[in-house]
Amino acid sequence: MTEKVHLDRAHLLRLLAQMMRVRRFEEKCVELYEAEKIRGFMHLYDGEEAVSVGVIEALEPEDAIVATYREHGQALARGIGMNALMAELYGRKEGCCRGRGGSMHIFDRALRFYGGNAIVGGGLPLAVGIALADKELGRKSATACFFGDGAVDEGSFHESMNLAALWRLPVLFVCENNKYAMGMAIERAESEPHIARKAAAYGMASETVDGMDVVAVAVAARRALADVKERSAPFLLECDTYRFRAHSMFDAQLYRTREEIAAWRKRDPIQQLRSWAGQNGLIHDSDIERIEADIEAEIAAAVAFAEAGTLEPVEELERFVYMEQTPA
Amino acid sequence: MTEKVHLDRAHLLRLLAQMMRVRRFEEKCVELYEAEKIRGFMHLYDGEEAVSVGVIEALEPEDAIVATYREHGQALARGIGMNALMAELYGRKEGCCRGRGGSMHIFDRALRFYGGNAIVGGGLPLAVGIALADKELGRKSATACFFGDGAVDEGSFHESMNLAALWRLPVLFVCENNKYAMGMAIERAESEPHIARKAAAYGMASETVDGMDVVAVAVAARRALADVKERSAPFLLECDTYRFRAHSMFDAQLYRTREEIAAWRKRDPIQQLRSWAGQNGLIHDSDIERIEADIEAEIAAAVAFAEAGTLEPVEELERFVYMEQTPA
Amino acid sequence: MNAEARAAAAPQRVTYREACKQAIRSAILADERVFLMGEDIARYGGCYAVTKGLAAELGEHRIRDTPLSEAAYVGAGIGAAMSGMRPIVEIMTVNFALLALDQIINNAATIPHMSGGQIAIPLVIRMATGAGRQLAAQHSHSLEGWFAHIPGLKILAPATIEDARHMLQAALDDPNPVLIFEHVMLYNEEGLLDPTVTGVDIKSAKIRRSGRDVTLVAYGGGLGKTLAAAETLHAEGIEAEVIDLRVLRPLDEATVLGSAARTRRVVIVDEGWRSGSLSAEVAARIGEAAFFELDAPIRRACGREVPTPYAAHLEQASLPQSASIAAAARELIKPR
Amino acid sequence: MNAEARAAAAPQRVTYREACKQAIRSAILADERVFLMGEDIARYGGCYAVTKGLAAELGEHRIRDTPLSEAAYVGAGIGAAMSGMRPIVEIMTVNFALLALDQIINNAATIPHMSGGQIAIPLVIRMATGAGRQLAAQHSHSLEGWFAHIPGLKILAPATIEDARHMLQAALDDPNPVLIFEHVMLYNEEGLLDPTVTGVDIKSAKIRRSGRDVTLVAYGGGLGKTLAAAETLHAEGIEAEVIDLRVLRPLDEATVLGSAARTRRVVIVDEGWRSGSLSAEVAARIGEAAFFELDAPIRRACGREVPTPYAAHLEQASLPQSASIAAAARELIKPR
Ligand SMILES: Cc1ncc(C[n+]2csc(CCOP(=O)(O)OP(=O)(O)O)c2C)c(N)n1
Ligand SMILES: Cc1ncc(C[n+]2csc(CCOP(=O)(O)OP(=O)(O)O)c2C)c(N)n1
Ligand SMILES: [Mg+2]
Ligand SMILES: [Mg+2]
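Protein chains in written order, with our numbering: chain U, 1 to 328; chain F, 1 to 328; chain D, 1 to 336; chain Y, 1 to 336.
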């Protein structure tokens, strides 16, 4: 693993715990989906945890985030409470979006977490605008914009990359290249499948990083963010990753082989970090036990919170269609 | 001028005459616009004639064309009759589109001239589809798709380039890079203003050619088309050119200097070819006189034809909103 | 009739999904110019499993996976239609069709007229539409009525298994761009397909249930609820006539007006947002042409004016339901 | 009052174009979070010359030229609004807004609700709309009534110099995404601007002319023709009341219903294609709420259902005209 030597034990523990937390949270979500507590479309991040955890580790509180419908990892890593998140998946009034958004639309204004967007490529222009506002208002912020390899097919990718580069806006474009857009393999969707190379068409800096290595992602993200803020110019970070599970809860995975999945599972970001840090004596079994216990307790509490949650009264259906004021 | 040595006198005369014909036709159009015979938006090709004339010279009858709202040059070069074209600008029933299209929407099905499109970037996906059909139906055709530098800003450029390259479709993308999109200079619109370089993002072949040199354009187009047909793969040909006049009939040209225009006028494609071919004894004054006389006669006839044209009866307004059959 | 012929002529029990699939298969087998392209229709098998197995059967040129480039592949479908093919473009859902609206409105709907009748665009675009699956605001639009505003397009809303099976071929036979909206809540519906019916028209609305007391006009995903409402009303002694519009553009005004003139009372059901929904156009037309025949104002049971929420109870509250449809009919007949 | 104050208070003669420009200038000067971005607004001076000179005056950060990337810069406007700015996005014309509809409908219109009220989008989008300049089918759409279908958006149609001057500030003061449609045929219109009027509401329709015999409902580019029709009718002894809707979403139903109840006869004027135009919604609402007050069916004078043709005589035939509006009113009053 890259440059890991500079990382201290506390840092490693934080990264590991965060990834494990996302993983376990989603395992619970699958159970709850099967029990029909959670409904609608739900997309799991299983296998890709290193990307959001690594990138968000590098963000400051004043930075902003735009994510996709596969954003449980980003939401938890950014600090959205598991209670509010779980209650949202339950469709409860106590959810972070009062049950209106669900799994694909997690928002947290205080954390500058601007969704959760279910339109492929739909978030990129928003990120450009958030960064434009930050720059014009003299804030020292950057916006991390997450999107999949499939979003690269969309016109909005092209327009947004150009606009951000042209106006030198502080956007860190993070492509979660998990090789598939639903069932569409990237080689079948992109005539030039090396995404980082596309940055040249916009005169933008870019890099590809091993997205199964959380430390590598954290290091690359930190470097890229420093560059973004220093030069006030966008950066494209392509994270090489893989989703271990189906695209959503409805997907027979006819488009890929078990062998392929098995090969990628060997690079599980959690296992990799655990074994490397274990071998190097940086993390001990007792650490893992403690982390697991904390996570179990947190999840149990979140489920209890969601279960105890209430339904938004139907009379409130039209509330927020029009806002009465702009929150300060 | 490039590789001109291989061109014979007849060929040169044809290229020159075609460019002069476009130029004179449009000069007449300006008069007619001022006389309010022609209305709506009208975009002149003055200065850019070498591009359409050079490219279309290289096309076969079975090839197809998709153009923009600035397409008088393409229409005439492809062989749409000046009568039908002028009558269309007059809004007459005898126009090629029965007066429904006007300057921005010239069509000729028999010549595979698929418009005339007034949405910037709107024609690129059509060209991809025409080429797809040709390929699937086993035709040996290519589609020449003309668009401006401004169209490169649009998402449809990106999506269409990728689709054509991915599916290896016979499309010759011809970018008429005249440096401005209305008043927007390309450096202010594109973070990477070298358009030909963008082809790399799609693994597509590309070339930049001097668009003020009709022979260079013709040679490059011929080579590119051969490549397109042989490899069944698209090609991006960037033509470096300039429009001498305003964007449309409403444009104070506040965004560029007289000096800049004057410098480009020195590279007038018609003047360049005339003086080079004159100096080399390939074209004589008598040729020019004859060409000019022919053009004047053709224009006079076209104006007379349009003047004598009739108005589509208002009762026919809704005809063709729905077609009764697909022409064979 | 021998046993084989009898079996062939016996009604087949199929899902709406299967009917859509049969329609695609037989259209592709019947005409080599026909192909289907769209996102995840081949290897994945279709977002709603409509095309599962078809690529293996028909080949990946006829069932063609596209990148996520809605504007480009819809535009390519238009171009291919101009150039001799008979493309069926699948947009996964209407929600993503917003990315292709420029191509649909500025090209497909205008070129035949703008070219003075030179160029036809024999293109079919299919897409899923509608709410009801807790997919939240960006994935639950009901915009088929809204598309029906655009001249140059024909808009179909197959609400029955038979229409799902046969409208596609009729659309392909039409020289104009035709958009077919398949409601997501219908794919799992089962019903009988009469094999002796080999086609349907795409011109007329159909009376799905006759009645003398009130006319209920519906389409697409609203039809089932409306028929259920009619059943409820019947138990109360109110006989509702139920009209399935089927073709949202051009509207079959005659069928609607004929029924309105008989029952003198009309409720229009529309899952779209009430303001500016198709229900408004239907109401306006009845008001124009049958004003003096009506005994009561026209009522509309429509979607509430809200981005569709995720939570089930809110989502359901945002849609017309058979109870609210029946209530609207009842009020027309026995005003409080 | 001294001479200076008198001069300041004297009505100013300005064009609609100049009123739009004044509105932009004063909004930008009043709030540093406000800026305008769009195509060719700075160096070129605006496609319809609305912003001519403003970039030199206010700087290119406040009058910001964008590339031809409608989806991205509209989306960027949404993002900037979420993040503390008060952007005005200019889309050159509604025809190109089709390229940005996904951003407008799936993001701007949904995020406030979908986020449970956390995120407001105080964004204004201005665009030119309408036919009449022989720009043909791809450049002549009248889609403002169609946009009015979308919950979460507010839709304005300034038809007067005063509204052109003041609606923008009201829109900026609103915490929701507001779309302003400026009709291309109005930019050259001249009129008096009363300097004592410092603002307008964006809630209500306005009666622009009172009359007892028939109500004519219009908006945007249709208002002038409608007032002309009213003048013609007056000469014939028919007193028409003319309502300017002004706000197309949410509709001010009360003003329309009040007038309809008084005159008992209504003609709705809409330059949009008739089927599914805003006129249908207005008709449906009147039919629902004032059915028993009407003496005659509601009439609609709308755009013909055709992509706008280039030739002047065909284009004009595709639009409602004051003669056809007057004729519709006459028929209501003296049926043949
Ligand atoms: C514009 C649009 N088209 C299609 C879809 C349907 N869809 C949802 S997720 C998805 C795949 C996206 O793949 P990618 O961007 O690689 O992200 P991943 O799911 O792999 O994280 C598709 C096609 C959509 N939501 N939006
Ligand atoms: C989608 C879209 N946006 C904006 C316009 C308005 N417009 C017409 S021409 C033009 C400039 C296009 O420039 P370019 O592509 O370079 O072609 P050129 O006019 O230079 O030949 C613009 C912005 C349009 N027609 N379509
Ligand atoms: Mg992916
Ligand atoms: Mg240009």
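Ideal placement from N, C-alpha and C gives every residue a C-beta, glycine not left out. Please read all numbers here as calculations on a predicted model, not as lab measurements.
- Proximity of the beta carbon of R70(U) to ligand 1 is indicated: a heavy atom of the ligand is located closer than 7 Å.
- Identification of chain F residues near A136(Y) by a Cβ-Cβ cut-off of 9 Å yields G40, F41, R100, G101, G102, S103, M104, H105 and A118, ordered along the chain.
- Per DSSP, the continuous beta strand (DSSP E) segment holding F147(U) begins and ends at T143 to G148.
- For N176(Y), same chain residues with a beta-carbon under 6 Å away, outside a window of 5 residues either side, are K154 in chain order.
- The secondary-structure analysis by DSSP pairs H183(D) across a beta bridge with T129(D).
- The C-beta of H158(U) comes closer than 8 Å to at least one C-beta of chain F.
- P61(U) carries a coil assignment under DSSP once its states are collapsed to helix, strand and coil.
- Sixteen is the threshold: since fewer than 16 other Cβ atoms of the shown chains lie within 10 Å of the Cβ of T198(D), the residue is exposed.
- With the criterion set as a beta carbon lying under 8 Å from some beta carbon of chain D, the members of the segment 256 to 284 of chain Y are G272, W273, S275, G276, S277, L278, S279, A280, E281, A283 and A284, in sequence order.
- Note on K140(U): under 16 other CB atoms within 10 angstroms of its CB, so exposed under the neighbour-count rule.
- At a cut-off of 8 Å between beta carbons, L314(Y) contacts chain F.
- K206(Y) has its alpha-carbon roughly 6 Å from the corresponding atom of I243(Y).
- For Q12(D), the enclosing beta strand (DSSP E) has its first and last residue at Q12 to T15.
- Contact check between the segment 223 to 232 of chain F and the segment 169 to 176 of chain F: three or more CB pairs, one atom from each, fall below 8 Å, which counts as touching.
- In this structure, the beta-carbon distance from V306(D) to I268(D) does not fall below 8 Å.
- Taking C-beta separations shorter than 6 Å and ignoring five residues to either side along the sequence, the partners of I186(F) in its chain run D149, K179 and P193, following chain order.
- Under a criterion of Cβ atoms nearer than 9 Å, no residue of chain U is adjacent to L132(F); the nearest Cβ is some 14 Å distant.
- Using a Cβ-Cβ distance cut-off of 8 Å, the segment 239 to 258 of chain U and the segment 151 to 168 of chain U are not in contact, since fewer than three pairs of beta carbons, one from each stretch, lie closer than that value.
- From the listed residues V55(F), H72(F) and A75(F), the smallest Cα separation to A142(F) is found for V55(F).
- Short of 8 Å from the beta carbon of D102(D), and not among the five residues preceding or following it, lie these beta carbons of its own chain, in chain order: A71.
- Residue-level contact by beta carbon fails for Q169(D) and chain F, as no gap is shorter than 8 Å.
- Counting only residues whose CB is nearer than 7 Å to a non-hydrogen atom of ligand 4, the list in chain order is G148(F), D149(F), G150(F), E176(F), N177(F), N178(F), K179(F), Y180(F) and A181(F).
- Take R299(D), set aside five residues on each side of it, and the residues of its chain with a beta-carbon closer than 8 Å to its own are V266, V267, I268, A328, A329, E331 and L332, in chain order.
- The beta carbon of I238(Y) sits no closer than 8 Å to any beta carbon of chain D.
- Straight across, the Cα-Cα distance linking G101(U) with F41(F) is about 45 Å.
- Under the Cβ distance rule, N162(U) counts among the residues neighbouring chain F, one pair being separated by less than 8 Å.
- Of all C-beta pairs linking the segment 135 to 153 of chain Y to the segment 249 to 265 of chain D, fewer than three are shorter than 8 Å, placing the two stretches out of contact.
- Distance between M37(D) and R62(D), taken at the CA atoms: about 8 Å.
- By the Cβ test, the segment 89 to 104 of chain U is not in contact with the segment 85 to 92 of chain Y, since fewer than three Cβ pairs between them sit closer than 8 Å.
- With the criterion set as a beta carbon lying under 8 Å from some beta carbon of chain U, the members of the segment 143 to 156 of chain Y are P151, G152 and K154, in sequence order.
- For the pair L192(D) and P11(D), the CB atoms are nearer than the 8 Å cut-off.
- Secondary structure note for V34(Y): its beta strand (DSSP E) is the uninterrupted segment V34 to G38.
- Assignment of D194(D) by DSSP, reduced to helix, strand and coil, places it in the coil class.
- Judged by DSSP secondary structure, I299(U) falls outside any beta strand (DSSP E) and instead within the alpha helix (DSSP H) spanning D285 to E307.
- Interface criterion met: the Cβ of P112(Y) is under 8 Å from a Cβ in chain U.
- With contacts defined by Cβ atoms closer than 8 Å, A240(Y) and L294(Y) do not form a contacting pair.
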